[in-house]
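Chemist: This is the structure, below, for whatever I ask next.
Protein chains: 4
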Amino acid sequence: MAARAGAIVSTRDAPDDGEALERFQRVRALSLALAANLSDADATAQSMPDASPAKWHLAHTTWFFETFVLRDHVPGYDIFDARWPFLFNSYYEAEGARMARPSRGLLTRPSLDEARAYRAHVERALEEAWADLPQAARDLVELGCHHEEQHQELLLTDILHLFAQNPLAPAVWPAPPRRFGTAPDPIRWIAGRSGRVEIGHDGEGFAFDCEGPRHSVWLAPHALADRVITNGEWRAFIDGGGYTTASHWLSDGWAWVRENGIEAPAYWRRGEDGGWTERFGLDGQHPMDLAAPVRHVSYYEADAYAHWAGARLPTEAEWESAAQAHDPTDGAFLDTAQAVRPLPPTPGSGLRQMFGDVWEWTQSAYLPYPGFRAAEGAVGEYNGKFMSGQFVLRGGSCATPRGHARASYRNFFYPHQRWQFTGVRLAKDL
Amino acid sequence: MAARAGAIVSTRDAPDDGEALERFQRVRALSLALAANLSDADATAQSMPDASPAKWHLAHTTWFFETFVLRDHVPGYDIFDARWPFLFNSYYEAEGARMARPSRGLLTRPSLDEARAYRAHVERALEEAWADLPQAARDLVELGCHHEEQHQELLLTDILHLFAQNPLAPAVWPAPPRRFGTAPDPIRWIAGRSGRVEIGHDGEGFAFDCEGPRHSVWLAPHALADRVITNGEWRAFIDGGGYTTASHWLSDGWAWVRENGIEAPAYWRRGEDGGWTERFGLDGQHPMDLAAPVRHVSYYEADAYAHWAGARLPTEAEWESAAQAHDPTDGAFLDTAQAVRPLPPTPGSGLRQMFGDVWEWTQSAYLPYPGFRAAEGAVGEYNGKFMSGQFVLRGGSCATPRGHARASYRNFFYPHQRWQFTGVRLAKDL
Amino acid sequence: MAARAGAIVSTRDAPDDGEALERFQRVRALSLALAANLSDADATAQSMPDASPAKWHLAHTTWFFETFVLRDHVPGYDIFDARWPFLFNSYYEAEGARMARPSRGLLTRPSLDEARAYRAHVERALEEAWADLPQAARDLVELGCHHEEQHQELLLTDILHLFAQNPLAPAVWPAPPRRFGTAPDPIRWIAGRSGRVEIGHDGEGFAFDCEGPRHSVWLAPHALADRVITNGEWRAFIDGGGYTTASHWLSDGWAWVRENGIEAPAYWRRGEDGGWTERFGLDGQHPMDLAAPVRHVSYYEADAYAHWAGARLPTEAEWESAAQAHDPTDGAFLDTAQAVRPLPPTPGSGLRQMFGDVWEWTQSAYLPYPGFRAAEGAVGEYNGKFMSGQFVLRGGSCATPRGHARASYRNFFYPHQRWQFTGVRLAKDL
Amino acid sequence: MAARAGAIVSTRDAPDDGEALERFQRVRALSLALAANLSDADATAQSMPDASPAKWHLAHTTWFFETFVLRDHVPGYDIFDARWPFLFNSYYEAEGARMARPSRGLLTRPSLDEARAYRAHVERALEEAWADLPQAARDLVELGCHHEEQHQELLLTDILHLFAQNPLAPAVWPAPPRRFGTAPDPIRWIAGRSGRVEIGHDGEGFAFDCEGPRHSVWLAPHALADRVITNGEWRAFIDGGGYTTASHWLSDGWAWVRENGIEAPAYWRRGEDGGWTERFGLDGQHPMDLAAPVRHVSYYEADAYAHWAGARLPTEAEWESAAQAHDPTDGAFLDTAQAVRPLPPTPGSGLRQMFGDVWEWTQSAYLPYPGFRAAEGAVGEYNGKFMSGQFVLRGGSCATPRGHARASYRNFFYPHQRWQFTGVRLAKDL
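Residue numbers (the working numbering), protein chains in the order written: chain A, 972 to 1401; chain B, 972 to 1401; chain C, 972 to 1401; chain D, 972 to 1401.
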């Protein structure tokens, strides 16, 4: 999702004080670690309007804590620099004017080191104020941690996009090519629940406002693929004329393919023989693992693939009702600062790769659930206002911090966007 | 709708032969009548890429019958002019190359009279072939009639858009200003059915493929407004800062407002005192009837209005389940060639204006129903491929030919489009 | 030229009364004749922002007489329609607001017939007022005639551009393909005058303000080609890699080639064998005459050709000093309404094709002569304000009314424009 | 000028060996000094397509020496990094593929420090090879020094443009506001030479190819203003409606003003009272010195000012013939790394400020002189190919390295560009 914080729906299960502060510190430390290999210039550049500089992510997440916790709840707190909120507010209209998004890459000052000093300053102030923070402020700290986790994923994908523009193909975390996995067995179809099912956040623990209310939907008989599509399968799609056959594509998708000369997923590279044998990643350019999940595909591509395969994409309700039985912390997630990547499925029966690896496009538009009401005020200004034109993705990816995703979690992007770790799970009617 | 013909789902109730031919002739005659006041130039110009020239509508609908009925089912039929299919194919990829859509307005040849001759030629050929047409071809004739009805509506809205660009404010059908209606009573809320309901085409009579399959959905408790929003109510929205308050708007909608300097519905005009007191229509520029339904609003505007009013837009399932009890031919529809307009609601209790008057934006994205499969072949190439980025509208408008709409009918447009007769009915959760 | 009227520098040689009125009538009649084969739609469409509809040309030239002669000099004259000046003013800022240029093609009303009625009305009024017109007004009539002649050429080139967009390749004046000419002898170099020479209008007869003052320039030794480049020679340029070799091109020219996929002059068409063997013209599509002058090339192309040929383009002073010895009415010019075309050179020695055939690009930017001062007021608002970014062309073309061009005449266009009858004469240093 | 190196026309006055090497070292040292206050990020960002990153300037000038001197003339020299020529070639088509210009700001790697290492490496190699360099290579070293001086000026103006985008208004060289100068006396007109004069490089010392050949031109009687226009005078232009009165502007200029909302020279800033009282510079934002030359104006603005003032801009021949009597090293030029600025004129009679301070727009298009022929090969690929659409500027500016300018020096930019230190000297006809 385009990195917005959401109102806390419920924290009945709220962690006790020490845990909450510790979690804050852990989250903050991971952000720094993700940027540790970046130069000042790396952290400043912006490679497209959809992306933001790493430095901006580091400062914006700090601005969130400074504004909504320290400024609003800590008497006597002085803003670190009165000119910075203009720079590091993202899109909160209620918080006033802000730097035009496509110009973020021109902010060579403040420097990366200054942004780090800002982080340290705000962290120290928050730690000192912690004991006296009212519960509302602590809820905002928790919200801020989830918000920062969203930006950790974006920081990774935005840096990946930037480095992909560089003819030198630099690696954030250099690594030798991994050994290739074994091509998984053909897809098996796992029937889902049909009839009346409940989806949406059930009120236990943290969730963003758009995940609720919990409500009933009626599902027709259907099945989900037991795993996500691999690079090898995608290559068969290419070889089968996937990108050159209009009838597989949505009308908007076909226009997108033609206007942009799309021939393959983002970051696929041609090898010396001209074939699609390499891919670029956070570890630089390496041979492609055909057994690993395909990543960096747009909704248009996902939908075209499904059409070509004689299947369709799942709805978000089908996906969520199936995912409720799975552990949302189990899968290839972001744990430490390294070149994350989705993994081939482990052998086994039943649904695999539901969490982690790649965000799975659903054929559901991102729209409000019955009874949804956006929270009031600046903090509440984000999920609701994006409810047009975007599609829901589910399950988290290898770049999502472990523990951030859950069955009810709704990520969303425009159908042409593909710089996230996005992949495909098929579904079909029964 | 972007004017596409859909596969016939079912014609169990098919009209007998004589009726079917008569209906064909009636539909064809109405198209001609709609264009009767147009000059050759009027019928040729294209005022924006979304719109098509009237001449093009007249020829394209004819091309449909010529191609899918005469060419495919009448042995020995000669194409009227072998170069015209390139000009008058719309978007059927399977039918080959075609004129770039935004350049249609440069086709000053063939002339309007030649297009009329083409119509007459194809009509005569079809009438002569009628007795020997196989049922599949007759089904295509029925489909072609529905297809042409869609284009009749587009012909009206496209001409309206063209004439609106002309500083002389010409009228297609000059008319004196009508007497104003009486402002209707405040909105009353009519509770809808909740729990499991069935929607989608039930298999009786003609329907486009995207209207089915019939299927269950689960509805939460809700209510619909008993009528649509009026011009007077919309003026209160403007006066209340509707177009200048970011918090009412979707993020994409707010960007659209700012980039395009949007201040009011399309075709609203300022009177001599600078206020929004006039509107442009097929009858030229006249004072606005505050009691009449607001028309020519985008989804963004409809959604912002609902937010401002503390309500929301209905889902298509809510709308359809309510509409099933209403007569789809009862309302302000297109019957004859004249300056159509939506009417103030007639007094009464219960839901009014469900059919006709204005297309009602729903908050449902245009997506496939469970079990939907697009038909194969060129004729089937249209509804399915538009299923991204668009919203569903329901109920038909004053520019929709009477008999064309039904409870299951799904129209769809992008959220910024507003050159159709589009309006707003509110809904709320109970 | 972007069709602007210029101030009269001098009319010492002014025609006597009867001749002046007759000339007015002749000019007006030719405009009508040029549009005689156009339908209402043909005359209304605008195929690009640089071009204007034929109807607009007919009405704008009439607006010029109505405004600057009848309105300003004929007491009691009533404007034909008070709303029309907004529609038919071109770019005279001093004359107030006007229709946005790229939207001229949406003016389906008034019709072509109404535009003709406007012409007749203004002509009648001017003829009736003629006897009492003060000399200042008669000077404006003369200016208006020259202005209208400029628009006659634009009317032809704009219609040609419009018809070229139509896949049916319609002809304005259908004609069989002409017999091909004989390839002319190789270019001979004719030395020009060097040292101090005088150029610029000398004050005899009509001229636009930018043609003066007459002044001295110093010319280095040089020679001009005795004729213009032919289609056959241009084909050798193509075959020699002209359009694919960066080193022949100006930097802006090379960018233009790449962005627009330029491969050949405008209106060249590939024949059945894929070669450049056909061209589109006012007489439709026909085989290309290799002996005829190449036409419809941009400055970028002209300059690249010259570089490829080891030569350069002439300066306007070189051209003018050579042209002073030639009869400016002798050459392939526009005399009657027909499919004009440049002709192969007639055998002979010395400079040929200096006047008529094709406008010859010079390497001179369009800039003011020493002592130039634009005339005051709306009528004077045209030549001076275009003095940036454009190059001068000399000599007139087959679409220029005979008698309109002269040795000092300065036409000008942007270096990428090529919808006029533009060609190439080479020059070289001695 | 868009920073291109030109062929050496002549070095009859060539410095002896020691001096030439010393000059090389001095030029190289100044480039480093100019970038000394820049962070890695400052040196990497690109604020518009016309500008380049400082790091790129440092590396590109080095690439020039590496390619044309070391690679071509030093046996056994190994390219520093084989992948870098692709990155740091600018526009030499003959040298092969290169990074797309607008994407230079995405090259966060190599770092600024690596670019500095590249510089040191090439300098060392060149110093070591010096003794054995053939004269052709030494000429290229001299050319490379002039080339690097051009980039020094661009480095300053590009960094200024970048910093101007930053809401923090950072200074490259912080400095307190200077004391204001005294408003100079009104302009005095100094008559220039008329009749036949010689301009163009005379063959003594270094010059770029476009400065020659020396040739005669014929000048009409004219005068030049004795000094350039001040900020104070420009403010009178603004107060007099300069930016809101169409009749002062070229047609393209007026369109530029309207589309871009131009109201004042670049980098002018409004003070607290809303007036144009401040300006941004390499020393940050400070009050404006009304006595200092106006800077950062486009050709369109310069021409409009001249029109408003009842004057015109000089031609390049007028300027050069007057400048021949002046010392081209005398004036406000770049000597050391500091916040350069143009200065108020010193009291005195005769022409002042001819060299240094601000580049002076002439009304001459940048075109070839009689007899001009671009040099062959990659090194010669630059001046000639820019000869369309640009205007000549003369005299150098406060950001031009002292000694770089001369009377025959031709700088050139597009008429809308104004990020250089560009100003205005008036001229008039006598």
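Note that CB positions come from ideal geometry on N, CA and C, so glycine has one too. Values in this document were obtained by computation on a predicted structure and should not be read as measured data.
1) Can you name the residues of chain C whose CB is closer than 8 Å to the CB of G1360(D)?
2) Shorter than 8 Å from the beta carbon of A1263(A) to some beta carbon of chain D?
3) Have a look at G1224(A) and R1283(A) and give me their C-alpha separation to the nearest angstrom.
4) Mind reading off the beta-carbon distance from H1193(D) to E1182(D)? Whole number of angstroms is fine, and I expect it under 8 Å.
5) Quick one: Cα of R983(A) to Cα of V1112(A), how far?
6) Do you know offhand how far Q1391(C)'s Cα is from F1057(C)'s?
7) Can you find the residues in the same chain that come closer than 8 Å, C-beta to C-beta, to M1259(D), ignoring five residues on each side of it along the sequence?
8) Quickly, what does DSSP pair N1471(A) with across the bridge? List them, please.
9) Of all Cβ atoms in chain D, is any one closer than 8 Å to the Cβ of H1297(C)?
10) Under 7 Å between beta-carbons, which chain C residues line up against L1338(D)? List them in chain order, please.
11) For the beta strand (DSSP E) containing R1250(B), list its first residue and its last residue.
12) Going by alpha carbons, who is nearest to R1373(C) out of A1107(C), S1187(C) and D1298(C)?
13) Any Cβ of chain D within less than 8 Å of the Cβ of G1342(C)?
14) Considering only DSSP beta bridges, list what E1169(C) is partnered with.
15) Once DSSP output is grouped into helix, strand and coil, what is the label at T1307(C)?
16) F1357(B) versus chain A: which residues are under 9 Å apart at the beta carbon?
17) Please report how far the alpha carbon of E1272(A) lies from the alpha carbon of W1220(A), in whole angstroms.
18) Straight-line CA distance for A1086(C) to H1132(C)?
19) Mark I1050(A) as exposed unless 16 or more other C-beta atoms lie within 10 angstroms of its C-beta, in which case mark it buried.
20) Alpha carbons only, please: which of F1179(A), E990(A) and W1189(A) is nearest the one belonging to V1168(A)?
21) Considering only their Cβ atoms, is the gap separating F1059(C) from H1031(C) smaller than 8 Å?
22) Can you list, in chain order, the residues of its chain with a C-beta nearer than 6 Å to that of W1101(A)? Leave out the 5 residues immediately preceding and following it.
23) Have a look at the DSSP bridge pairing and note the partners of G1115(C).
24) Could you list which residues in chain B have their beta carbon closer than 8 Å to that of D1013(C), in chain order?
25) Does the structure place the region 1368 to 1387 of chain D close enough to the region 1299 to 1317 of chain D that three or more beta carbon pairs sit under 8 Å?
26) Applying the 10 Å Cβ sphere with the 16-neighbour rule, what's the burial state of A976(C)?
27) Spatial neighbours of L1401(C) within its chain, please: CB distance less than 7 Å, with the 5 preceding and 5 following residues excluded, ordered by chain position.
28) Contact defined as beta carbons within less than 8 Å: I believe S1379(B) pairs with A1135(B). What is the distance between those atoms, to the nearest angstrom?
29) Are any of the Cβ atoms in chain C nearer than 8 Å to that of L1397(B)?
30) Taking 8 Å as the threshold, find out whether the region 1255 to 1269 of chain A comes into contact with the region 1319 to 1328 of chain B through three or more Cβ pairs.
31) Is there a C-beta anywhere in chain C that falls below 8 Å from the one on Q1324(B)?
32) In the structure shown, what three-state DSSP assignment does T1032(C) receive?
33) Whether or not the region 1068 to 1086 of chain B and the region 1014 to 1026 of chain B are in contact is what I'm after, with contact meaning three or more pairs of Cβ atoms, one per stretch, closer than 8 Å; do they touch?
34) For V927(A), which residues in the same chain have their Cβ closer than 7 Å to its Cβ, ignoring the five residues on either side in sequence?
35) Among W1227(D), E990(D) and R1090(D), which one has its Cα closest to the Cα of F1035(D)?
36) So with Cβ pairs under 8 Å, would you call S1292(C) a contact of chain D?
Modeler: Quick look at the numbers:
1) Taking the first residue of the fourth sequence as position 1, residue 1360(D) is located at position 389. Chain C residues near G1360(D): D1223, G1360 and P1386.
2) Position 292 of the first sequence, counted from the start, is the residue given in the question as residue 1263(A). Using beta-carbon distances, A1263(A) does not count as an interface residue toward chain D, since no partner is under 8 Å.
3) Taking the first sequence and counting its residues from 1, one reaches residue 1224(A) at position 253. Taking the first sequence and counting its residues from 1, one reaches residue 1283(A) at position 312. Pairing G1224(A) with R1283(A), the inter-Cα distance amounts to about 15 Å.
4) For this step, residue 1193(D) is matched to residue 222 along the fourth sequence. For this step, residue 1182(D) is matched to residue 211 along the fourth sequence. For a cut-off of 8 Å, the C-beta gap from H1193(D) to E1182(D) is around 22 Å, too long to register as a contact.
5) Counting from one through the first sequence, the residue named residue 983(A) turns up at place 12. Counting from one through the first sequence, the residue named residue 1112(A) turns up at place 141. In this prediction, R983(A) has a pLDDT of 44, which is less than 50 and means its spatial position is unreliable; nothing more can be read from the coordinates.
6) Taking the third sequence and counting its residues from 1, one reaches residue 1391(C) at position 420. Taking the third sequence and counting its residues from 1, one reaches residue 1057(C) at position 86. Cα to Cα, Q1391(C) sits roughly 27 Å from F1057(C).
7) Stepping through the fourth sequence from its first residue, residue 1259(D) is reached at position 288. Answer for M1259(D): N1202, W1239, W1247, T1248, E1249 and R1250, listed in chain order.
8) Missing from the structure shown is residue 1471(A); chain A here goes from 972 to 1401 and no further.
9) For the purposes of this step, residue 1297(C) is identified with residue 326 of the third sequence, where counting begins at 1. Not one chain D Cβ lies under 8 Å of H1297(C).
10) In the fourth sequence, residue 1338(D) corresponds to position 367, counting from 1. In chain order: Q1334 and A1336.
11) By 1-based counting over the second sequence, the position of residue 1250(B) is 279. According to the DSSP assignment, R1250(B) belongs to the beta strand (DSSP E) that extends over W1247 to G1252.
12) Translated into the one-based positions of the third sequence, residue 1373(C) becomes position 402. Of the candidates A1107(C), S1187(C) and D1298(C), D1298(C) places its Cα closest to the Cα of R1373(C).
13) Residue numbering aside, residue 1342(C) sits at position 371 when the third sequence is read from its first letter. For G1342(C), a Cβ of chain D is located within less than 8 Å of the residue's own Cβ.
14) As a first step, residue 1169(C) is located in the third sequence; it is residue number 198 there, counting from the start. Its beta-bridge partners are S1187(C).
15) In the third sequence, the residue the question calls residue 1307(C) occupies position 336. Residue state, collapsed to three classes: coil.
16) Residue 1357(B) sits at position 386 when you count from the first residue of the second sequence. Near F1357(B) (Cβ distances below 9 Å), the residues of chain A are L1221, S1222 and D1223.
17) Here residue 1272(A) is taken as the residue at index 301 of the first sequence, counted from 1. Here residue 1220(A) is taken as the residue at index 249 of the first sequence, counted from 1. Distance between E1272(A) and W1220(A), taken at the CA atoms: about 8 Å.
18) Reading the third sequence from its first residue, position 115 is the one you call residue 1086(C). Reading the third sequence from its first residue, position 161 is the one you call residue 1132(C). Approximately 22 Å, taken between the alpha carbons.
19) Here residue 1050(A) is taken as the residue at index 79 of the first sequence, counted from 1. Classification of I1050(A): exposed, given that the 10 Å Cβ count is below 16.
20) Along the first sequence, read from residue 1 onward, the residue named residue 1168(A) stands at position 197. Scanning F1179(A), E990(A) and W1189(A) for the CA closest to the CA of V1168(A) turns up W1189(A).
21) Taking the third sequence and counting its residues from 1, the one referred to as residue 1031(C) is at position 60. Taking the third sequence and counting its residues from 1, the one referred to as residue 1059(C) is at position 88. In this structure, H1031(C) places its C-beta atom within 8 Å of the C-beta atom of F1059(C).
22) For the purposes of this step, residue 1101(A) is taken as residue 130 along the first sequence, with counting starting at 1. Closer than 6 Å at the Cβ level, and outside the excluded window around W1101(A), lie L992.
23) Counted from its first residue, the third sequence places residue 1115(C) at position 144. BP columns for G1115(C) are empty, so no partner.
24) By 1-based counting over the third sequence, the position of residue 1013(C) is 42. What D1013(C) touches in chain B: T1079 and R1080.
25) With the cut-off at 8 Å, the region 1299 to 1317 of chain D and the region 1368 to 1387 of chain D touch.
26) On the third sequence, position 5 is the one that residue 976(C) refers to. At A976(C), the pLDDT of 44 sits below 50, so the modelled position is not reliable; the number obtained from the coordinates is stated separately. With a threshold of 16 other beta carbon atoms within 10 Å, A976(C) meets it and is buried.
27) Walking along the third sequence from the start, residue 1401(C) turns up at place 430. Residues A1162, P1192, H1193 and A1194 of the same chain have their beta carbon placed closer than 7 Å to that of L1401(C), with the five preceding and five following residues left out of the count.
28) Start at 1 with the first residue of the second sequence, and residue 1379(B) comes out as number 408. Start at 1 with the first residue of the second sequence, and residue 1135(B) comes out as number 164. The beta-carbon distance between S1379(B) and A1135(B), rounded to whole angstroms, is 32 Å. This is too long to meet the 8 Å contact definition.
29) Translated into positions along the second sequence, residue 1397(B) becomes position 426. Not one chain C Cβ lies under 8 Å of L1397(B).
30) With contact defined as three or more Cβ pairs closer than 8 Å, the region 1255 to 1269 of chain A and the region 1319 to 1328 of chain B are not in contact.
31) Position 353 of the second sequence, counted from the start, is the residue given in the question as residue 1324(B). The beta-carbon of Q1324(B) is placed no less than 8 Å from the nearest beta-carbon of chain C.
32) To locate residue 1032(C), count along the third sequence from 1; it is residue 61. Helix, per DSSP.
33) Using a C-beta cut-off of 8 Å, the region 1014 to 1026 of chain B makes contact with the region 1068 to 1086 of chain B, since at least three inter-stretch Cβ pairs fall below that distance.
34) Given that chain A is displayed from residue 972 to residue 1401, the structure contains no residue 927(A) and the question cannot be resolved.
35) Counting from one through the fourth sequence, the residue named residue 1035(D) turns up at place 64. Nearest option by C-alpha distance: R1090(D).
36) Here the question's residue 1292(C) lines up with position 321 in the third sequence. Between S1292(C) and chain D, the shortest Cβ-Cβ separation is not below 8 Å.
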